[in-house]
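In the working numbering, the protein residues as written are 1070 to 1300.
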Ligand code: DC
């Protein structure tokens, strides 16, 4: 018997989680949700509303203003995935800037922010047929997910990917700054007290430092199909 499942993809930053998640969702006809984009949207809100200045985040005010933050996903048929909107504005491009990357891990460590976003993620995934990527999807959001993937790659490989991506978008950054940001985010994501990044026992680890996009997709698609056809 065939059934829809939940596929949770967690792992370090810039491991290509979203590339794999998008490819998988397309191949299976599933919905893809980038939960990192939700934490980035909150960070963008904080930057836009003067809640971050001189490297300091006004957490109390942000928590008070959480109800003013409406995050939605709308499918873009041209791009083939759902883009993120903040209070009705498409912010897909803005949330990838270095300024947002520099503060997002600290914003994602605020328990009240996580509580709000996790509740929304569970709502989005309640009918299954979903591929969700993030840091706590298999551990907190959907501990019962039928397939859990934990992705990793060396920090240098990840920084190089991110650096090339940013150059491609016309951002003026250095490789060393990107590597520093990757290492800093790894540390905050893994050491924070609220839902740290962990590999659950039932997650399958994939190190894609030397894997092609196609090889990675084939491997996970095969695992997904086995779970979909099992019941
Ligand atoms: O995947 P990303 O780089 O866009 O994620 C941005 C930040 O948000 C990253 O520092 C980790 C955090 N995050 C999180 O804590 N939990 C999630 N489910 C997704 C992202």
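Note that beta-carbon positions come from the ideal geometry of N, C-alpha and C, so glycine has one too. From a predicted model like this one, the values you see are computed outputs, not experimental measurements.
Going by CA-CA distance only, name the one from 1251, 1269, 1142 and 1120 that's closest to residue 1133.
As a position in the chain shown, residue 1133 is number 64, starting the count at 1. Nearest of 1251, 1269, 1142 and 1120 to residue 1133, Cα basis: 1120.
Backbone CA spacing between residue 1258 and residue 1225 [nearest angstrom]:
Walking along the chain shown from the start, residue 1258 turns up at place 189. Walking along the chain shown from the start, residue 1225 turns up at place 156. C-alpha separation (whole angstroms): 18 angstroms.
Quick one: give me the first and last residue of the alpha helix (DSSP H) that residue 1140 is part of.
By one-based count along the chain shown, residue 1140 stands at place 71. From DSSP, residue 1140 is part of no alpha helix (DSSP H) but of the beta strand (DSSP E) over 1140-1145.
If you measure from the CB of residue 1266, is any heavy atom of the ligand DC nearer than 8 angstroms?
Residue mapping note: residue 1266 aligns to position 197 of the chain shown, counting from 1. True, at least one ligand heavy atom lies under 8 angstroms from that Cβ.
Going by beta carbon distance, what residues of the same chain come within less than 6 angstroms of residue 1100, once the five residues before and after it are set aside?
Counted from its first residue, the chain shown places residue 1100 at position 31. Taken in chain order, the residues that qualify are 1199.
Taking 8 angstroms as the cut-off, is the C-beta of residue 1206 nearer than that to any heavy atom in the ligand DC?
To locate residue 1206, count along the chain shown from 1; it is residue 137. For the ligand DC, at least one heavy atom lies less than 8 angstroms from the Cβ of residue 1206.
Would you say the beta carbon of residue 1276 comes nearer than 8 angstroms to a heavy atom of the ligand DC?
By 1-based counting over the chain shown, the position of residue 1276 is 207. Answer for residue 1276: no, Cβ out of range of the ligand DC.
Buried or exposed by the 16-neighbour rule on C-beta atoms within 10 Å, applied to residue 1091:
Locating residue 1091 in the chain shown gives position 22, where the first residue counts as 1. Counting other Cβ atoms within 10 Å of its Cβ, residue 1091 reaches 16 or more and is therefore classed as buried.
Since residue 1193 contacts residue 1102 with CB under 8 angstroms, what's their CB separation in whole angstroms?
Position 124 of the chain shown, counted from the start, is the residue given in the question as residue 1193. Position 33 of the chain shown, counted from the start, is the residue given in the question as residue 1102. Confirmed, Cβ separation roughly 6 angstroms.
Inter-residue CB distance, residue 1230 and residue 1083 (contact presumed, cutoff 8 angstroms)
Here residue 1230 refers to the residue found at position 161 when the chain shown is read from its first residue. Here residue 1083 refers to the residue found at position 14 when the chain shown is read from its first residue. So it is a contact: roughly 5 angstroms between Cβ atoms.
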